[in-house]
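Undergrad: Quick note: to get the numbering used here, add 7 to the position in the sequence shown (first position is 1).
Just so you know, even glycine gets a beta-carbon here, dropped at the ideal spot from N, CA and C.
Since the model is a prediction, treat every value here as computed from it, not as a measurement.
After the structure tokens below, expect a handful of questions from me.
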Amino acid sequence: MEPAVREVVFAAPTEHDDRERMRRAHAAAARQFQVPVSGPEVWGWQGRTLGRRAGDCWLRVVAAAVDKAGGRLWEGTALADTAVPRPVPRPRLRGLVDWSADEHAYRAELTEYISARPLADGTPALVGDVSLPDAWWADLRAALNMLATVPTDRESVRQRWVDTNFRRFLGIDPIQVHDYTTGHGDLHWANLTKSPLLIFDWENWGRLPVGYDVGLLHAYSLAAPVTAARIRREFAHVLDTAAGRAGELVALGQLLQTCHRGVHPVLAPLIARRAEHLTGTPVPAP
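This is the structure:
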């Protein structure tokens with residue numbers, strides 16, 4: 008049996024100047040917070056963020072062009088820290104600082120350090136099945152149920168995206184999403200730890216279709232069929248409903264959009280197959 012192919016999507020920027028710019032920004036943030044940094048660099052999605060341990064904290068810097076900074080993604084971590092109930096397990100925010108330099112804006116987030124490793128490293132997807140106890144699944148269900156009760160006007164997934172993109176990526180007419188909840192918006196295996204359960208990266212939390220979060224997690228598990236089947240059992244009360252299937256379709260459509268950009272080449276055919284199973288329609292070729 009051939010070894011699984013690891014799809015690395017969390018990596019340093021390809022351009023040397025961008026890597027060094029982010030390192031300088033991280034060092035500037037450490038000086039601002041007066042914390043020592045140590046350990047390996049941890050890069051986020053396509054080099055957009057850089058994090059390292061900082062004493063008993065974790066220091067992460069996110070960057071964007073000055074004209075694209077701010078807004079929903081920029082504010083998500085700070086707003087989650089105040090709006091989401093503490094029993095939803097996540098690192099606690101300890102400080103923020105914003106600045107601009109060289110036509111880029113930066114936000115540094117100082118959070119408590121978590122020694123537990125995420126269940127996937129370098130990619131949001133599983134490349135093999137993971138063994139998780141019943142209590143872990145119960146904790147995840149409880150966390151998502153509590154998150155669903157949080158009132159917010161943040162829109163993580165919009166109907167406009169469905170209207171514009173369903174035919175292009177799923178090959179079907181747009182659906183009208185009627186059932187929304189408050190969710191994480193980026194529920195994947197690099198954002199989850201095993202023992203204890205913690206949920207990382209709250210940039211994109213907000214209102215989204217029922218079934219979106221667990222549909223996304225299921226899609227990122229398709230190369231690990233035993234784990235994918237466990238998700239479908241644990242969340243059958245969501246995914247086996249009309250509202251849940253609609254949310255799962257939105258998650259699959261957005262992942263297919265990412266796949267069209269060349270990301271997740273190994274996972275792409277599995278996502279397409281799952282979408283075709285739900286719609287009965289072949290997905291359009293990239």
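(1) In chain order, what residues of the same chain have a beta carbon less than 8 Å from the beta carbon of A155, not counting five sequence neighbours either side?
(2) Who are the Cβ neighbours of V12 in its own chain at under 6 Å, not counting the five residues just before and after it?
(3) Among residues of its own chain, excluding the 5 on either side of R148, which ones have a beta-carbon nearer than 7 Å to its beta-carbon?
(4) Which one of V42, P20, D74 and P289 has the shortest CA to CA distance from G51?
(5) Taking 9 Å as the cut-off, decide whether the C-beta atoms of W168 and V270 are in contact.
(6) Closest to G54 by CA distance: which of R79, Q41 and R26 is it?
(7) From what residue to what residue does the beta strand (DSSP E) around W106 run?
(8) Who pairs with A295 in a beta bridge, going by DSSP?
(9) Only counting the same chain, and skipping five residues up and downstream in sequence, which positions put a Cβ closer than 7 Å to that of D170?
(10) Rounded to the nearest angstrom, what separates M8 and A112 at their Cα positions?
(11) Can you tell me where the alpha helix (DSSP H) holding E210 begins and where it ends?
(12) Could you have a look at R124 and say whether DSSP puts it in helix, strand or coil?
(13) Put F17 into one of helix, strand or coil per three-state DSSP.
(14) Could you check if V290 is buried or exposed, using at least 16 other CB atoms within 10 Å of its CB as the buried criterion?
(15) Whole angstroms are fine: how far does the CA of G287 sit from the CA of R67?
(16) Below 8 Å, how does it come out for the stretch 193 to 211 and the stretch 123 to 134: are there three or more Cβ pairs, yes or no?
(17) Would you list the residues sitting across from E190 in a DSSP beta bridge?
TA: According to the structure shown:
(1) Residue mapping note: residue 155 aligns to position 148 of the sequence shown, counting from 1. Once the five neighbours on either side are set aside, the close Cβ partners of A155 are T188, T189 and G190.
(2) Position 5 of the sequence shown holds residue 12. Caution applies to V12, whose pLDDT of 40 falls short of 50 and renders its modelled position unreliable; the value that the coordinates give is listed next. V273, listed in sequence order.
(3) On the sequence shown, residue 148 is found 141 positions in, with the first residue counted as 1. E241, listed in sequence order.
(4) Taking the first residue of the sequence shown as position 1, residue 51 is located at position 44. It is P20 whose Cα lies nearest to the Cα of G51.
(5) The residue given as residue 168 occupies position 161 in the sequence shown. The residue given as residue 270 occupies position 263 in the sequence shown. No; because the gap between Cβ atoms is not below 9 Å, this pair is not in contact.
(6) Numbered from its first residue, the sequence shown carries residue 54 at position 47. Closest option to G54, Cα to Cα, is R26.
(7) Walking along the sequence shown from the start, residue 106 turns up at place 99. Start and end: L100 to A108.
(8) With the chain covering 8 to 293 only, the question about residue 295 has no answer from this structure.
(9) Numbered from 1 along the sequence shown, position 163 holds the residue referred to as residue 170. Only P181 meet the Cβ criterion.
(10) Translated into positions along the sequence shown, residue 8 becomes position 1. Translated into positions along the sequence shown, residue 112 becomes position 105. At M8 the pLDDT is 28, less than 50, meaning the model places this residue with poor confidence; the figure from the coordinates comes in the next sentence. The alpha-carbon atoms of M8 and A112 are separated by roughly 47 Å.
(11) To locate residue 210, count along the sequence shown from 1; it is residue 203. Element bounds for E210: n/a, residue is neither H nor E.
(12) By one-based count along the sequence shown, residue 124 stands at place 117. Of the three classes helix, strand and coil, the one that applies to R124 here is coil, per DSSP.
(13) Residue 17 sits at position 10 when you count from the first residue of the sequence shown. Residue state, collapsed to three classes: strand.
(14) Locating residue 290 in the sequence shown gives position 283, where the first residue counts as 1. That one is buried.
(15) As a working note, residue 67 is residue 60 in the sequence shown. As a working note, residue 287 is residue 280 in the sequence shown. Taking the straight line from one Cα to the other gives about 43 Å.
(16) yes
(17) What you label residue 190 is simply residue 183 of the sequence shown in a count that begins at 1. Residue identity check: residue 190 is Gly in the sequence provided, not Glu. Answer is G213.
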